[in-house]
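Quick note on numbering that gives the first Met the number 0: the sequence shown kicks off at 0 and runs consecutively. Note sheet for the following structure.
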Amino acid sequence: MTTLLISDLHLHPAAPEITEGFFAWLERNTQRPVTLYILGDFFDAWIGDDLMALGAQDPTGHAALANQVAARLRAASERGCGIYLMHGNRDFLLGDQFAEAAGAELLPESCIIELAGKPVLLMHGDSLCTRDEAYMAFRAQARNPQWQAGVLAMPIPERLALAQRMREQSGEANSTKAEDIMDVTSEEVVRVMQEHQVNTLIHGHTHRPAVHPVEQLDDEQAVRFVLGDWSREHGWEIRADDTGIELSRFVFSETND
Numbered sequence: 000m001t002t003l004l005i006s007d008l009h010l011h012p013a014a015p016e017i018t019e020g021f022f023a024w025l026e027r028n029t030q031r032p033v034t035l036y037i038l039g040d041f042f043d044a045w046i047g048d049d050l051m052a053l054g055a056q057d058p059t060g061h062a063a064l065a066n067q068v069a070a071r072l073r074a075a076s077e078r079g080c081g082i083y084l085m086h087g088n089r090d091f092l093l094g095d096q097f098a099e100a101a102g103a104e105l106l107p108e109s110c111i112i113e114l115a116g117k118p119v120l121l122m123h124g125d126s127l128c129t130r131d132e133a134y135m136a137f138r139a140q141a142r143n144p145q146w147q148a149g150v151l152a153m154p155i156p157e158r159l160a161l162a163q164r165m166r167e168q169s170g171e172a173n174s175t176k177a178e179d180i181m182d183v184t185s186e187e188v189v190r191v192m193q194e195h196q197v198n199t200l201i202h203g204h205t206h207r208p209a210v211h212p213v214e215q216l217d218d219e220q221a222v223r224f225v226l227g228d229w230s231r232e233h234g235w236e237i238r239a240d241d242t243g244i245e246l247s248r249f250v251f252s253e254t255n256d
């Protein structure tokens, strides 16, 4: 069976081209049973599953988007597609209600699966960026259950405003950071791969798609696959089967014909 992995779609009402591109990609790739892993930042922001109940009453369009995406995933699940969701740094409040509506299963922040006959570690990737001390401090806060409960207790309009402020603050902060600070730390990559006893790691988050040898492991086969973020014109996927694991970029206009 084919396994597909994607990450960093950042679905948002203001970017309908990405949503439509994803729907077309999903429809095309799930006409036969496959397994799909979504490795975080599926949504550009997620303020809580209770938003879905608002439906058309939400003037921002976030509720409609969430319900449309859940319905498309559910349809793929009913066609025999196994769907697994991982939290990212933008949608860390994604919960069981959405997963159930989508026919999906939520994953822990790291997990091991078998691809092409070998164990592979999956992560979103933000925890690997240890040189970004400001972000790591925020990450610790955002993953704290008490902090999350406090946010979810806020009225929905306040949560939407908070999400907007957080996006703006993140953009401002990243604009002043050195490029290497926002990339993964090599030592942390090696540490987690050694800890999990794997020679293959797949993650997203950095928006720097590539396939990197992990030379520090002293293993010629050690490799790190980095998924790219989706734009209004193209997406990134990893496709794995018995023959191997391949990272590729595709253009919506070419794949939707």
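Every residue, glycine too, gets a C-beta built ideally from N, C-alpha and C.
Here the C-alpha atom of histidine 123 lies approximately 8 Å from the C-alpha atom of serine 6. Judged by beta-carbon spacing, leucine 72 lies beyond the 7 Å limit of alanine 62, meaning their Cβ atoms are not closer than that value. Rounded to the nearest angstrom, the gap between the Cα atoms of aspartate 48 and alanine 103 is 14 Å. In terms of Cβ geometry, threonine 1 and aspartate 240 form a close pair [threshold 7 Å]. Among the bridge pairs identified by DSSP, threonine 2 is matched with Thr34 and Ala239. When DSSP states are grouped into helix, strand and coil, serine 126 belongs to the helix group. Taking a contact as a CB-CB distance under 8 Å, the pair phenylalanine 224 and valine 210 counts as one, their CB atoms being some 6 Å apart. Around leucine 106, the same chain offers Tyr83, Leu84 and Met85 as residues with beta carbons nearer than 7 Å, after the five sequence neighbours per side are excluded. By the Cβ neighbour-count rule, aspartate 43 is buried, with 16 or more other Cβ atoms within 10 Å of its own.
Counting only residues of its own chain and dropping the five nearest sequence neighbours on each side, asparagine 88 has a CB closer than 6 Å to the CB of Asp125.
No Cβ-Cβ contact shorter than 7 Å links arginine 231 with isoleucine 37.
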